[in-house]
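Before any comments, here is the structure.
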Amino acid sequence: MTSGANTLVLPIVLPLLGAFLLPLVARFGDGLARALGIVLVVVNIFLGWTLWSAVGTEAAVTALGGFEAPLGIVLYGDRLAALFVAVLAVGALIFWPRAEHGGVKAYTLTLLLVAGGSGLVLSGDLFNIFVFYEIVAVASYGLAASSGDKAGFGAALRYLVLGALGSSLVLIGIGLVYAAAGTLNLADIARLAPEKLSGTTGLAAFLLLVLGFGVKAELFPVNTWVPEVYAAAPMRVTAILAGVVSKLAMVVILRLLVLVFHDPAAISLLMAVAIVTIVAGEFAAYRASDLNRTFAYSSIAQLGLVALALTIPATAGILAAIAVALHHAVVKPAFFVIAAKWRGPLAGLAGGARVAPAAAGLFVLLALSIIGIPPLPGFWAKLVLLGGAFDAGGAYAFAAAVVLAATVVEAAYLFRVVARIWQPAAGAKPAHFAFSDLSPALLLGVILIVATLFVAPIGTALSGAAASAADAGSYVARVLPGRM
Amino acid sequence: MHGYGRTTASLLFLAGLVVMLYALFQALPFGAAPMQVGQEIVSRAPGETGAANIVTAILLGYRGFDTLGEVTILFVAATAAGLILSGAGAGDLPKAPGGFILKAAADLLFPFLVVLGAYIILHGHLTPGGGFQGGAIMAAAFFIPLLASPTSPLNHSTAALVEGFAGTAFIVIGLASLMWGEAFLTPFLGKGTLGDLFSAGSLPLLYLAIGLKVGSELAGLMARIVEVGGKS
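Listed in order, the protein sequences are those of chains E and V. Residue numbers for the first sequence follow this note's numbering, so the first one is 2 and each next one is one higher. Residue numbers for the second sequence follow this note's numbering, so the first one is -19 and each next one is one higher.
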C-alpha cells in the first residue's frame, strides 16, 4: 500500500471534518462558515481531479485502519469514482445553498451530502456503502425541508417514509448477501458470487438492493417522492438531488452489477424496471401541469435510461450509462433554475421569450440537447446508448425502440413549452430573470457548449473510465492481491 | 375506497416480503453461517488491536470507518431536525416545575449518571459498553434535570462546542496516522497489556470522542424537542 493511496480518504473526511466544525466556525459569523464550506467543496473538486489523473487504468486502493481487505474496510478509487467525486463537488459548488434556506445548518448538510456521496462512490465494502447511503439520505431529507414552508415539510416527510423503506430493503439485501457469502467486502463477494449468490438468494438480494438504492436513483416503483420534493424543495437542493445525488445511487448499482450480480434473470429484472421507469416518466412529464413537475418526471425517465444502459453488457453499457448520467447532470439542474422562476401552469409561460430572451434561448438549447439533436452532447449520449443496445440485439433492440418512442414523447412536451414561450403574452407576463437568478444555468449552458466542442476527447476519456470500471477481474486483483 | 386500496396494497407488499424472506431464510443454513470474516476476526482481534472486548475491536478497529459514518448519521439527523425545528422557533419553556421530589432526585442522580457514563465510555475496550452507550447515559444525566426544572434550560452553546470538538477529535485521530504514512484510522500508541485500562492504543480515545459527541448531541436534540414542544 503506497502512502499516496492513503489520501483516498480525504474527499470523504475533509468535508466531514468541515461539517463538524461549521457550527463552531459560525460563532464568528455565518459568512465565515459559508466560506469554509465552499473552500472544502473546491478542495474536493481538486482531490477528484488529482485522483483522476493519478489512477489511469490501475485503481488506487487503501485498507482503512491498516486492516487488510476482507477483514477491514477498503476504499477503491478508480476513474469512475474520481469523476463522480468531482461532479458531486462541482454540483455542490454551483448550487451552494442560499442563506435564507436554512443558513449554517443547510451548509452543514450540504457538506455532509458531499462527504457521504464521495464515500458512496469510493467505498469497496457493502455495509460501508449502506452507512454512506444513510448519510446522503438523511442529509437529503433535511435539505428537502429547508424551504421552511408547509409544502416542503410535507414533501420531505413523505420522502423520509419512502427513504426509510428503501434503506430497510437495502439492509435486508445486505443481510442476505452476508448470510450467503459471509463477507461484506465487494471484491471478496465478487470472488464468491458465482458459487454462493447465483441462485434464488442472490436474485432476491439483488431485487432488494435495486429497490432500496432505487429510491435515490428514482427507479419505478419507489420514485413517487420525486415530483413533490422537486417542486417543494428550494431550487438549489432540487438541482443537486436531481442532477448528482440520483447518479451516485446508480454508481452503486453499477458496481453491484459489474462485481456481484451476473445472473441473466437479474439483468432482465433491471431492464424491466428501467423500461417501465422510462415510459412512466415520459408520459407523466407529458401530462404534467407545470415546469417543475415536467422536469421532475423527465428526470425519472432519464434515470431510467441510465438504468437501461447498465443492463447492456460490458464496457458499452457502462460508457452509455456514464454519458447519459453526466449529460443529465449538466442539463437538468439548468432546467430547474429556469423552472424556479417560471412557476405555475404552463399556459402562463406565454410571452416568456420577450420578457427573458436569455432564459428562453437557454431553454431551447437544453431541450435540443436532452432530446438528442446533433451535435449537442445529448445526441452523443443517446447514440452510444442506442448503439450499444442494437449491438447487443434481442431484448435490447426492443428496449432501444422504447427509447426512441420515449424520445418522441420527450420532444413533444418540450417543444410544446418552447412554442408556449414564443407565443405573445395573453394575460400576466412570466417572471423576469435577474442575471444572478439565471447565472448557474448560464454556467451549465456554457459547460454544455464547451462539451460539444470537445466531444471527441471527452468520449475517449470516458471510454477509458468505463473500461476500467467494467473490469471486475482487476477490481478483485487490486483489492485482494493474495487471493486470486 | 381509495384508502382501502392503499391499505390492501401495503398489506400485500408486506405479506409478499414476509413469504419471500421466510422462504429464503429457510434455504440458508441457520446457525451455520459462513463465518469466514467473522471467525478470522475473532481469532486475530485481541492480538491485532489489544482490545479485550472484541466488539470494540471490530467497531473501532476493523470497521472503525463505519463507526465514523454512524456517528455522522446521528449528527446529520440532529442537524436536519435542528433545521426543521428552528423554523418552529424556540418558544417559551413550559413554566410548570417538576415538583420537589423529581427535582431532588434529579440533583442526586446527576453525579451518579455522569460517573456511570464516564466509566462505561472509558472501559469500552475492556467490558461491554462503550461510547454510544456511555454517551446516551451522559445525555440522560443532562436531560433529567431539564425535565425536573424546565426553567433552567440546557446550555446549547456549550453542548454544540463539545460536540464539534469531539467530532473533530475523531477525525484528527484518524488523520494522524496519515502523517506517518499509515492508512486513515490506523491505531497507534501501542497495544499495551490485554485487559489493562491503558491498552488498545488509540481505540479508547476514539470511544471518548464518540461518547462526548453522542452525549452532547442527544442531550441537545432532546432539549430542543422539549423547548419547541413547550411552545405549541
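Beta carbons: idealized from backbone N, C-alpha and C, even for Gly. Just so it is clear, the structure is predicted and the values come from calculations on it, not from any experiment.
Return no unless some Cβ of chain E is closer than 8 Å to the Cβ of Ala119(V). no
Taking one C-beta from the region 125 to 134 of chain E and one from the region 89 to 97 of chain E each time, how about it: are there three or more such pairs within less than 8 Å? no
Out of Phe336(E), Ile422(E), Asn293(E), Ala326(E), state which residue places its alpha-carbon closest to the alpha-carbon of Ala354(E). Ile422(E)
With a threshold of 8 Å between beta carbons, is Thr526(E) in contact with chain V? Any answer about residue 526(E) is impossible in this case: the structure gives chain E only from 2 up to 485.
Continuous alpha helix (DSSP H) assignments of at least 4 residues falling wholly in the region 6 to 47 of chain E: 11 to 26
Taking a Cβ distance cut-off of 9 Å, strictly less, list which residues of the region 448 to 469 of chain E are near chain V, in chain order. none
Residue(s) in a DSSP beta bridge with Ile61(E): First, the residue type needs correcting, since residue 61(E) is Ala and not Ile in the sequence shown. In the DSSP output, where bridge partners are listed per residue, Ala61(E) has Gly78(E).
Could you give the distance in angstroms between the alpha-carbon of Ala60(E) and the alpha-carbon of Tyr160(E)? 36 Å
Opposite Ser124(E) in the DSSP bridges: which residues? Leu76(E)
Beta carbon proximity, Met202(V) to chain E, threshold 8 Å: no
Put Asp150(E) into one of helix, strand or coil per three-state DSSP. coil
Partners in chain V for Ile136(E), counting only beta-carbon separations shorter than 8 Å: Gly49, Thr52, Ile53, Val56
Exposed or buried, Lys106(E), counting other C-beta atoms within 10 Å across all chains shown (16 or more means buried)? buried
Hey, how far is the Cα of Gly213(V) from the Cα of Gly394(E)? Look at the range of chain V in this structure, -19 to 212, and you will see that residue 213(V) is not part of it.
Quick one: is Val477(E) near chain V, going by C-beta distance under 8 Å? no
Where the alpha helix (DSSP H) through Arg99(E) begins and ends: Segment: none, Arg99(E) is in no alpha helix (DSSP H) and carries neither H nor E.
Taking DSSP as the reference, what is the three-state secondary structure of Pro346(E)? strand
Just to make sure I have the definition right: I need the residues of chain E whose C-beta is within less than 9 Å of the C-beta of Glu197(V). Which are they? Chain E residues near Glu197(V): none, gap ~11 Å exceeds 9 Å.
What's the gap between the Cα of Gly62(V) and the Cα of Val274(E)? 37 Å
Assumed close pair Ala449(E), Pro378(E) - CB separation to whole angstroms, cut-off 8 Å: Note that residue 449(E) is Leu in the sequence shown here, rather than Ala. Indeed, because the Cβ distance is near 6 Å, the residues count as touching under 8 Å.
Can you find the residues in the same chain that come closer than 7 Å, C-beta to C-beta, to Gly282(E), ignoring five residues on each side of it along the sequence? Tyr298, Ser299, Ile301, Ala302, Gly305
From this set, Gly103(E), Gly57(E), Ala6(E), which residue's C-alpha is nearest Gly67(E)'s C-alpha? Ala6(E)
Cβ-Cβ distance between Val26(E) and Leu144(E) below 8 Å: no
Taking C-beta pairs closer than 7 Å, name the residues in chain V that Thr184(E) reaches, listed in chain order. Gln16, Val17
Beta-carbon separation of Leu9(E) and Thr63(E) under 8 Å? yes
Classify Trp226(E): buried if its beta carbon has 16 or more other beta carbons within 10 angstroms, exposed otherwise. buried
For Gly44(V), decide whether its Cβ has a neighbour in chain E, counting only Cβ atoms nearer than 8 Å. yes
Could you check the C-alpha separation between Leu113(E) and Ser124(E) for me, to the nearest Å? 16 Å
Less than 7 Å between C-beta atoms, sequence neighbours within five positions excluded: which residues of the same chain meet that for Gly72(E)? With the sequence shown as reference, residue 72(E) is identified as Leu, and Gly is not the correct amino acid for it. Excluding sequence neighbours, Leu72(E) sits near nothing in its chain.
Relative to the C-alpha of Ser1(E), which residue among Val211(E), Val277(E), Leu204(E), Glu196(E) is closest? Outside the shown range of chain E, which is 2 to 485, sits residue 1(E), and nothing can be said about it.
Use the C-beta contact count for Lys151(E): other C-beta atoms within 10 angstroms, 16 or more gives buried, fewer gives exposed. exposed
Name the DSSP beta bridge partners of Asp291(E), please? Pro346(E)
Using the beta-carbon count (16 or more within 10 Å), is Gly27(V) buried or exposed? exposed
Helix, strand or coil at Asn129(E) according to DSSP, with G and I counted as helix: helix
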